[in-house]
Amino acid sequence: MDTYLIGIKKIPGGSVTDSFLVDGVAFKKTFSYAGFEQQPKHFISPKIILLNVELELKSESTNAEVRITDPEQYQSIVDAEWNIIYDKLDKIVQSGAKVVLSKLPIGDLATQYFADRDIFCAGRVTTADLDRVALATGAVVQTSLNDLRDEILGTCGDFEERQIGGDRYNLFTKCTTAHTCTLILRGGSEQFIAETERSLHDAIMIVKRAVQHQQIVGGGGAIEMELSRQLRSYARTITSKQQLVVNAYAKAFECIPRQLAENAGFDATDILNQLRAKHAHDHQWYGVDIENESVWDTVENFVWEPALVKINAISAASEAACVILSVDETIKAGEEQGNEDNRPVPPPRR
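FYI, the numbering for the sequence shown is 11 to 360, going by our numbering.
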């Protein structure tokens with residue numbers, strides 16, 4: 011599972027319920043020149059070409075000097091520059107592509123040229139978005155226009171430019187080459203959208219771990235309650251002072267289902283009592299049911315967590331506790347002294 015195939019775009023405004031999933035690639039409309047509005051904004055099964063070529067007339071970035079002996083030679087130099095860019099544009103049109111994307115700028119001349127031939131173009135596309143389009147459509151990014159074959163062109167089932175909130179987005183959907191998607195997040199403020207993005211990222215990482223490592227355990231605090239029960243049972247077989255350590259370790263596991271219950275607004279003590287009763291009767295996968303303010307079998311209700319995540323979390327928490335217990339002395343900084351000057355005032359001079 012490649013997480014870079016999942017794009018997340020944040021658009022302030024609207025409600026979180028306005029968020030939606032694009033079954034393909036979506037990215038924000040890039041800077042465009044005059045003539046862009048005349049281009050078509052919707053295609054069915056178009057051919058797509060991806061470029062790393064600049065389609066713009068511009069002045070030299072460094073000082074350039076051309077010496078001529080005849081004034082007519084100046085016009086030939088200007089005509090040659092125009093012929094070069096027109097040759098590039100003609101090759102793109104002859105390739106049959108209907109959607110042209112480039113990492114580098116596409117100038118006003120090229121924009122109008124494509125608009126007259128019913129071709130959509132977008133320049134200054136970010137590298138990440140262009141790479142995702144390449145993976146989704148099967149197109150190959152070109153740095154030259156001398157060999158435009160059908161093999162390097164990509165395609166998708168549907169292309170559309172759509173208004174989302176205050177921005178316009180380019181959407182590539184029904185891509186058969188790769189399973190890509192884009193999550194469009196909406197919300198009243200950027201902070202709320204950022205929190206939603208973090209929650210989605212955590213969920214995606216959990217799914218990735220579950221795909222990579224097939225072993226799972228019950229979520230909702232079920233595995234913690236079962237470990238706590240097993241440790242309490244084991245502690246009763248110990249006759250030394252280590253029994254206190256094992257019991258404390260077992261009690262620490264109950265903080266997870268307790269916190270889940272408190273976060274859901276439930277009576278944590280009542281929920282824990284129900285869980286202890288269920289696990290005492292060998293219902294090892296019972297956890298917190300936040301939908302019905304009760305407990306249920308988390309495995310049967312598809313509340314799962316990768317076993318690898320739990321193993322790493324328990325190991326990290328145990329190591330942190332051992333580090334704290336190994337500290338045998340602490341130093342407390344004294345209170346900060348004031349800046350008052352308590353020296354006696356000298357007597358006045360006579």
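Ideal Cβ positions, reconstructed from N, Cα and C, are used throughout, including at glycine. Values in this document were obtained by computation on a predicted structure and should not be read as measured data.
If you draw a straight line from the Cα of Glu-205 to the Cα of Glu-66, it comes to about 41 angstroms. Under DSSP, Tyr-179 shares a beta bridge with Lys-38, Arg-172. Ile-95 and Leu-155 have their C-alpha atoms spaced approximately 11 angstroms apart.
For the pair of segments examined, the segment 240-248 was found not to touch the segment 267-280: the number of CB pairs separated by less than 8 angstroms stays below three. In this structure, DSSP gives Val-143 a helical state, which the three-state scheme calls helix. Secondary structure at Ile-334: helix, using DSSP grouped into helix, strand and coil. Per DSSP, Asp-157 lies in no alpha helix (DSSP H) and is assigned neither H nor E. Only buried fits Leu-60, as 16 or more other CB atoms lie within 10 angstroms of its CB. If you ignore the 5 residues before and after Gly-148, its C-beta comes within less than 6 angstroms of the C-beta of Gly-164, Thr-187, all in its own chain and listed in chain order.
For the 9 angstroms CB-CB criterion, Lys-51 and Phe-130 form a contact. Trp-306 counts as buried, since at least 16 other C-beta atoms from the protein chains shown sit within 10 angstroms of its C-beta. The beta carbon of Gln-284 sits closer than 6 angstroms to the beta carbons of Val-305 from its chain, once the five residues preceding and following it are set aside; these are given in chain order.
The alpha carbon of Val-35 has as its nearest neighbour, out of Pro-56, Gly-106, Asp-118, Ala-144, the alpha carbon of Ala-144.
Nearest C-alpha to Leu-181 among Ala-327, Ile-281, Ser-55: Ser-55. DSSP lists Leu-111 as the beta-bridge partner residues of Ala-132. In this chain, the alpha helix (DSSP H) harbouring Arg-219 covers 200-222.
Between the C-alpha atoms of Ile-324 and Arg-142 there is a straight-line separation of about 36 angstroms. A distance below 9 angstroms separates the beta carbons of Lys-39 and Arg-178. In the DSSP assignment, Tyr-296 forms a beta bridge with Asp-307.
For Glu-75, the three-state secondary structure derived from DSSP is coil. Nearest Cα to Gly-117 within the set Val-63, Gln-252, Gly-23: Val-63. Contact between the segment 224-233 and the segment 305-322 is present, with at least three C-beta pairs closer than 8 angstroms. By the C-beta density criterion, Gly-17 is buried, having at least 16 other C-beta atoms within 10 angstroms. Put simply, the backbone Cα of Asp-292 is about 22 angstroms away from that of Ile-300. Beta-carbon to beta-carbon, Ile-174 and Ile-194 are separated by about 6 angstroms, close enough to satisfy the 8 angstroms threshold. For His-52, the beta-bridge partners assigned by DSSP are Glu-170.
Shown here for Lys-320: same chain residues with a beta carbon closer than 7 angstroms to its own, the five before and five after excluded, namely Val-227, Ile-233 in chain order. The beta carbon of Ser-25 lies closer than 8 angstroms to those of Arg-196, Gly-197, Gly-198 in the same chain, with the five residues before and after it left out.
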